[in-house]
Structures are given as structure tokens and as C-alpha cells.
Amino acid sequence: MDEFKVKGKVWLITDNNGDLINDIDTDQIFHNAFLHITEISEMGEHTFGNLEGWKDFPEKCNPGDIVFAGSNFGSGSSRQQAVDCFEALGIKAIVADSYGAIYKRNAINSGFPILTFNQINNLVKEAGMKNRDEIEIDFLAGELKNISSGKIFKIDLFSKVQKDIMEKGSLLTI
Amino acid sequence: MSGKTVIEKIFTNHSEEDISPGKIVWIDLDVVTARDFGGPNVVKNFNNNYEGQSVFDPSKVFFTFDLTVPPKTIQYANNQMICRNFAKEKGIKVFDIDKGIGTHTLIENGLVQSGSIVVGTDSHMNILGAVNSFGQGMGDVDITFGFRYGRTWFEVPATVKVNIKGDPSYDYSAKDLVIKVLSILKTDKLLGKSVEFYGELIKKLNLPERITFLSMITEMGGIVGFIPFNENTSNEIKEMAGLDKVAPEIKADEDASYFEIIDLDISDIESMVSAPPYPHNGVKISDLDKVYVDFGFVGSCTNGRIEDLLKVWAILKGKKIKEGVQLAIVPATVEVYKQAFEKGILKDLLDAGAIISNPGCGGCAQGHIGMTGKGEVMVSTGNRNFPGKQGDGFNYLTSPEVVAYSVLNGFISDREL
Ligand code: SF4
Chain R
46 MDEFKVKGKV WLITDNNGDL INDIDTDQIF HNAFLHITEI SEMGEHTFGN
96 LEGWKDFPEK CNPGDIVFAG SNFGSGSSRQ QAVDCFEALG IKAIVADSYG
146 AIYKRNAINS GFPILTFNQI NNLVKEAGMK NRDEIEIDFL AGELKNISSG
196 KIFKIDLFSK VQKDIMEKGS LLTI
Chain X
70 MSGKTVIEKI FTNHSEEDIS PGKIVWIDLD VVTARDFGGP NVVKNFNNNY
120 EGQSVFDPSK VFFTFDLTVP PKTIQYANNQ MICRNFAKEK GIKVFDIDKG
170 IGTHTLIENG LVQSGSIVVG TDSHMNILGA VNSFGQGMGD VDITFGFRYG
220 RTWFEVPATV KVNIKGDPSY DYSAKDLVIK VLSILKTDKL LGKSVEFYGE
270 LIKKLNLPER ITFLSMITEM GGIVGFIPFN ENTSNEIKEM AGLDKVAPEI
320 KADEDASYFE IIDLDISDIE SMVSAPPYPH NGVKISDLDK VYVDFGFVGS
370 CTNGRIEDLL KVWAILKGKK IKEGVQLAIV PATVEVYKQA FEKGILKDLL
420 DAGAIISNPG CGGCAQGHIG MTGKGEVMVS TGNRNFPGKQ GDGFNYLTSP
470 EVVAYSVLNG FISDREL
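Heads up: the sequence lines are chains R and X, in that order. For the record, in the first sequence the residue sitting at position 99 is 144 according to our numbering, with numbers rising by one throughout. For the record, in the second sequence the residue sitting at position 41 is 110 according to our numbering, with numbers rising by one throughout.
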């Protein structure tokens with residue numbers, strides 16, 4: 046089923062040492078100064094607006110891109126905007142080592158694909174994944190393929206609830 | 070079959086399914102709330118998806134405005150108006166801009182009991198663990214579904230048991246204790262877990278101290294935390310909730326099974342601060358170089374009770390804070406404000422140089438009671454010091470006592486110097 050696959054170019058959200066950043070919280074993803082915004086289309090431009098080194102992300106990313114980050118991604122507040130802003134930019138999926146619990150729910154409920162890849166830094170450090178590599182992820186098979194390098198990796202599968210909700214679009218339409 | 074942990078029991082009481090960690094189950098909700106942030110998005114989602122339909126039970130759905138109260142911009146005013154209009158249409162009660170922090174207001178109004186499940190657009194909803202109930206922050210899609218159906222799906226969290234031990238000689242506060250524990254466990258040990266804390270050092274905490282401690286489970290990455298009641302806890306809850314009777318405590322079974330058991334020795338605890346940029350960057354004040362402060366903040370869901378204000382008052386009474394330093398005090402709720410008024414501490418605090426604001430979230434909502442400029446230092450009793458959270462400067466989290474001494478001396482300190 047094609048809706049459970051994505052193909053796109055990678056953004057590795059890294060620090061100056063080239064490590065994927067851990068603990069990126071919702072204030073760094075979507076700052077509390079903009080929480081009055083309720084229109085999804087207006088959210089994109091604020092994505093990573095408070096994350097050092099990545100404030101220009103909305104200008105440089107392209108629809109169809111896939112975001113990679115470290116552990117505890119989206120910790121902090123319950124704001125849905127921190128998920129919706131990626132949707133607004135046309136980001137196709139997020140892959141991280143782990144997520145803040147509320148963030149994970151928010152993404153699943155709005156039918157936005159987030160995936161967990163344990164020890165994600167190895168992808169960068171050992172498997173040599175680079176920014177703008179083209180990859181393909183199969184959510185149901187649990188497979189991540191780096192098309193640019195030809196390498197294939199195992200990734201955590203979607204849970205049943207995640208699949209059911211994504212099939213219907215969102216929690217509100219099930 | 071082995072016994073159940075606290076969270077497993079609460080889930081069992083709210084679900085028709087068998088409860089075991091890791092399983093995704095549907096649970097019934099006792100109370101569903103939305104705040105002025107998230108609330109307007111909920112209304113929008115509701116109207117887009119459930120036009121003309123009612124909420125599942127108007128007596129169990131609430132708006133709690135606490136972030137920008139009163140609204141500081143037209144956008145916020147419009148958002149609150151959208152919620153009020155929706156509430157009128159659906160027969161929902163609004164705890165409006167005069168009431169204070171939503172979670173505290175829910176407890177004070179007797180809407181949360183031992184064993185309740187409460188969800189809202191607030192990531193510190195798990196504070197309700199202090200009254201032995203399961204509070205969970207959620208985004209607006211989740212809450213919209215809760216408004217309509219009064220239920221939600223949840224992956225039953227595994228439970229970690231944390232035994233707090235040691236023989237500390239220092240007279241520490243609940244905030245010191247939570248910063249200490251957070252600095253040891255960091256954000257990964259408890260990620261996605263329910264946590265039960267045991268040991269005399271934790272069991273002896275009174276209700277406001279439990280609120281302080283358990284509010285920072287969020288910063289530990291945990292789902293919710295519980296502490297067994299001591300002989301006073303039930304009475305303290307009754308008093309805060311204005312109830313004659315509260316539901317009995319939900320306790321874990323003796324033979325409950327835990328994901329992990331962690332023993333923590335806190336014998337070497339002293340006055341602590343969380344140095345920026347992370348709440349888990351716990352440092353003893355005695356290990357800190359001299360840090361000059363520009364701004365002090367006392368309040369938030371973590372330290373905004375009358376007991377916290379009294380500690381500050383006891384230190385600042387009859388004194389003046391350092392010239393050039395500002396201190397903002399924000400009571401958590403209007404009830405706390407009234408208590409402060411009745412106890413007559415407000416004048417002393419004003420004389421000392423404090424700004425006293427109306428109740429609410431104050432410090433968190435982007436400048437509602439002031440922010441730091443670039444490089445300025447704030448000492449705050451809040452629970453988050455992420456970059457940009459409360460201005461462009463550096464934010465140290467600490468106890469009300471340390472904030473008071475620091476604004477008195479002009480640098481971070483835990484005694485008058
Ligand atoms: S005081 Fe701050 S952390 Fe606490 S509920 Fe309000 S906004 Fe959240």
C-alpha cells in the first residue's frame with residue numbers, strides 16, 4: 046500500500062559536531078510566541094524558529110523532505126502546532142531515536158507519520174547517511190532504504206493504532 | 070497473575086479491556102479540559118468534524134484559561150472569545166481569566182479525585198498525580214475527540230519504581246529534591262513510564278510539596294508520578310478541594326510487577342538549581358560560581374501555592390531586594406491570592422520591591438509578567454528553563470527560598486550574605 050511508504054530527501058537535524066540533536070523541545074520546534082495561530086497553513090514558517098542553527102529551516106526545506114533527529118524529540122508542551130508545522134511545510138515523515146510521549150500521540154492522532162529508529166546516530170556516524178540523501182521508508186515492512194548509498198535498515202513498525210488512524214486520516218475521522 | 074501498579078489499577082477501573090503494560094486500550098475519561106492555548110484549536114476541530122453535535126457530558130468538560138490572562142493581544146482575546154461562545158452553546162463551564170492555573174483550579178473545585186482520569190491541553194496535567202489521579206496533557210486533536218466521546222486510546226505505560234533513600238543532613242526543600250532526582254535520572258530513564266516513588270523521605274512530603282515534586286515528572290520524560298499517602302494526605306486533599314469526603318487512595322499491589330526498580334541515594338543533597346538550558350542540569354549552589362541575577366520569579370504550577378509565597382515572605386519581610394533586581398510573584402490561583410491577602414503578606418512583599426501579578430501561568434506565557442533581555446539572568450521557581458522560554462537570557466530553576474535570597478543578595482544564593 047503506497048500510503049504507507051514515503052520517499053524523500055533527508056534533513057539531519059545536527060549540532061556543530063554533526064550529532065543529531067537530542068531533547069529538541071516543543072518550544073524550539075514551535076515557539077510559544079505563536080500559539081495563537083490556529084490555521085495550519087500559517088504554521089510552517091515558524092518551524093524550528095527557536096532552534097539554534099536551524100532557524101532558516103522553513104526556507105531551505107522542500108515539500109517531500111524527511112526529518113531526522115535524536116532522542117526525546119518533541120519533549121515539553123502539548124501543543125499540536127509542533128506537529129502541524131511540519132505538515133504545513135509538506136514534510137513527509139519524522140524519524141527520531143525516541144519522542145516525548147505527548148508529541149508521539151499528537152503525531153499519531155493527526156495521521157502524521159513518525160518513526161522510531163533506535164541508536165539513530167549510528168545511521169549518521171557509521172552508516173554514513175548524509176544530508177539530502179534520498180531514502181525510502183516502508184512503514185508496514187519496517188524498512189528504511191538509503192537509495193543514495195543502497196543500504197537498507199530495519200526500523201520500528203507502525204503500531205496498529207497508528208496504522209488505523211493514518212488509514213482514516215486522523216483520530217477525528219475514525 | 071501478578072498484582073497491579075497504581076496506573077494499571079486506574080486504567081482497569083476505566084476500561085473494559087485487560088490492562089497490561091504496552092497494550093493499547095480504550096479508556097473512559099472523567100474530566101476533559103482545554104485552556105486558552107489549544108482551546109480555540111479544539112473548538113475549530115470540533116466544529117469542522119462534529120458540527121451541531123454535543124460534547125459527551127457538559128458536566129465533565131471545562132475550559133480553564135490560565136496562560137494569557139487577561140489576554141494581552143487581540144488574537145488572544147479573540148481566541149478566548151471563541152472558547153466562551155462555544156462553551157455557551159454547548160453548556161460547558163469556563164474557569165475564566167480570573168481563576169488561575171487550570172490543574173490547581175480543578176483540584177480546588179473538587180473535580181479531581183483519587184483514581185480519576187483527567188486530560189487537558191496542558192503538559193503538566195500529570196501534577197494531578199499529587200491527588201492520586203492520572204492527569205495527561207494532550208494536543209488539540211486528542212482533546213477534541215475527548216470532548217465529543219469522553220474516551221481515548223492509550224498505550225498502558227510500564228511502571229518504574231523509584232526508592233528514594235539516604236540520610237541527608239541538609240534542610241532541603243521539595244524543589245531541591247526534585248531537581249536532585251531529575252539530575253540523576255535525566256530525561257531518558259523514565260521516558261514514557263508511570264513512576265511510583267517510595268521511601269520515607271518522599272512519603273513525608275505534604276500536598277503542596279507533592280505538587281512541586283510531581284509537576285516535574287514531565288521534565289523527566291515520565292507520564293505520571295505517584296507517592297503513597299501519609300497520615301495527612303487525605304485530609305490535605307479534602308481541605309484543598311473543599312470536600313467532606315474523598316475517594317480512597319489507589320495503592321499498588323504488593324506483588325505488582327515493575328519495568329525497573331531504581332534506588333536513589335540523596336544523602337548529599339543541598340540547595341539545588343537547574344542551570345540553563347535544561348531542567349535536568351542540576352547543580353548544587355555550593356558548586357556554582359557567583360551568578361548575578363537580574364530577575365526573580367515566584368509562581369507557576371510547580372511553586373505557586375500559598376506555602377511557597379509564605380517562604381518568600383518570611384525571607385523578604387522588612388527587607389529590600391537588591392537595587393536593580395526585579396521580582397515577580399504570581400499566585401497559582403485566585404484562592405492562593407486571597408489567602409495571601411488574608412494573611413497580610415502582600416504589603417510586606419510589595420515593600421520589599423516585588424511585583425505581584427494576578428493569578429495564572431504568568432512566567433510561561435511569553436512575557437505576560439516580563440521576560441529577560443539578551444544575556445540577563447532569571448532565577449525562577451518554574452519547571453522549564455529551555456532557551457527562549459522566558460526571554461532571551463538565562464533561566465535558573467530553583468526553590469522559592471533560593472529565589473528570595475538571590476534577589477536579596479543580587480546573586481544566586483541560599484542564605485542572606
Ligand atoms: S505554570 Fe507554566 S508549566 Fe505550569 S501549567 Fe502553566 S504554562 Fe504550564
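From the three backbone atoms N, C-alpha and C, an ideal C-beta is built for every residue, glycine too. Nothing here was measured: the structure is a model prediction, and the numbers come from that model.
Length of the line joining the Cα atoms of residue i and residue j
i: LEU378(X); j: GLY121(X); result: 46 Å
i: ILE271(X); j: ALA156(X); result: 40 Å
i: LEU260(X); j: ALA146(R); result: 8 Å
i: LYS54(R); j: SER449(X); result: 42 Å
i: GLY135(R); j: PRO108(R); result: 4 Å
i: ILE398(X); j: GLY91(X); result: 42 Å
i: LYS78(X); j: GLN205(X); result: 16 Å
i: LYS416(X); j: GLY432(X); result: 22 Å
i: ASP60(R); j: GLY198(X); result: 36 Å
i: GLY422(X); j: GLN395(X); result: 7 Å
i: PHE266(X); j: VAL231(X); result: 5 Å
i: CYS430(X); j: ASP334(X); result: 33 Å
Residue i - DSSP class collapsed to helix/strand/coil
i: GLN205(X); result: strand
i: GLY169(X); result: strand
i: LEU80(R); result: coil
i: ASP356(X); result: helix
i: GLN408(X); result: helix
i: GLU104(R); result: helix
i: ASP97(X); result: strand
i: VAL225(X); result: coil
Test: residue i CB closer than 7 Å to a CB of chain X
i: VAL140(R); result: no
i: THR83(R); result: yes
i: ASN151(R); result: yes
i: ASN163(R); result: no
i: ILE136(R); result: no
Residue i at chain R interface by Cβ criterion, 7 Å
i: PHE455(X); result: yes
i: TRP382(X); result: no
i: SER192(X); result: yes
i: LYS416(X); result: no
i: LYS57(X); result: Residue coverage of chain X in this structure runs from 70 to 486, which leaves residue 57(X) outside it and unanswerable.
i: LYS26(X); result: Lying outside 70 to 486, the shown extent of chain X, residue 26(X) is not represented and no answer is given.
i: LYS234(X); result: no
i: LYS458(X); result: yes
Range of the contiguous beta strand (DSSP E) that encloses residue i
i: MET447(X); result: 446-449
i: ILE425(X); result: 423-425
i: GLU181(R); result: 179-183
i: GLN395(X); result: 395-398
i: PHE102(X); result: Looking at the sequence shown, residue 102(X) is not Phe but Thr. Residues 100-104.
i: SER263(X); result: 263-267
i: MET341(X); result: 341-343
i: GLU329(X); result: 329-334
i: LEU134(R); result: Where LEU134(R) is concerned, there is no enclosing beta strand (DSSP E), although the alpha helix (DSSP H) it sits in stretches over 126-134.
Enclosing alpha helix (DSSP H) for residue i [first to last residue]
i: GLU376(X); result: 375-385
i: ARG153(X); result: 143-159
i: ASN163(R); result: Careful: ASN163(R) lies outside any alpha helix (DSSP H) and carries neither H nor E.
i: GLY108(X); result: 108-118
i: LYS149(R); result: 146-154
i: LYS244(X); result: 243-254
i: ILE210(R); result: 205-213
i: LEU65(R); result: LEU65(R) -> no alpha helix (DSSP H), and no H or E assigned at all.
i: ARG279(X); result: 276-284
i: ASN478(X); result: 469-478
i: ILE306(X); result: 302-310
Any residues in the region 109-122 of chain X with a beta carbon nearer than 7 Å to a beta carbon of chain R? Which ones, in chain order?
PRO109, ASN110, LYS113, ASN114, ASN118
Which residues, in order along the region 49-76 of chain R, keep a beta-carbon less than 9 Å from a beta-carbon of chain X?
ASN67, ASP68, ASP70, THR71, ASP72, GLN73, HIS76
Residues in the region 137-158 of chain X with C-beta within 9 Å of chain R's C-beta atoms, listed in sequence order?
THR137, THR142, GLN144, TYR145, ASN147, ASN148, ILE151
Along the region 275-293 of chain X, what residues have a CB closer than 7 Å to any CB found in chain R?
GLY290, ILE292
When Cβ atoms are compared, which residues of the region 365-378 of chain X fall closer than 9 Å to chain R?
none
Hey, which residues come within less than 5 Å of ligand 2, measuring from Cβ to any heavy atom, in chain order?
Within the structure as shown, ligand 2 is missing, the only ligands being ligand 1.
Chain-ordered residues of the region 86-111 of chain X with a beta carbon less than 8 Å from chain R:
ILE93, PHE106, GLY107, PRO109, ASN110
Members of the region 172-206 of chain R that neighbour chain X once the beta carbon cut-off is set at 8 Å
SER204, LYS205, VAL206
The region 195-229 of chain X: which residues have C-beta closer than 9 Å to a C-beta of chain R, in chain order?
GLN205, GLY206, MET207, GLY208, ASP209, VAL210, ASP211, ILE212, THR213, PHE214, ARG217, THR221, TRP222, PHE223, GLU224, PRO226
Taking any Cβ of chain R, which residues in the region 239-269 of chain X have a Cβ under 8 Å from it, in chain order?
THR256, ASP257, LEU260, GLY261
Given a limit of 7 Å on CB to CB distance, which residues of the region 465-483 of chain X reach chain R?
none
Can you give me, in chain order, the residues of the region 315-348 of chain X that have a beta carbon less than 8 Å from any beta carbon in chain B?
Chain labels in this structure do not include chain B; the protein chains are R and X.
Proximal residues, the region 92-120 of chain R versus chain X, C-beta separation under 8 Å:
ASN95, GLU97, SER116, ASN117, SER120
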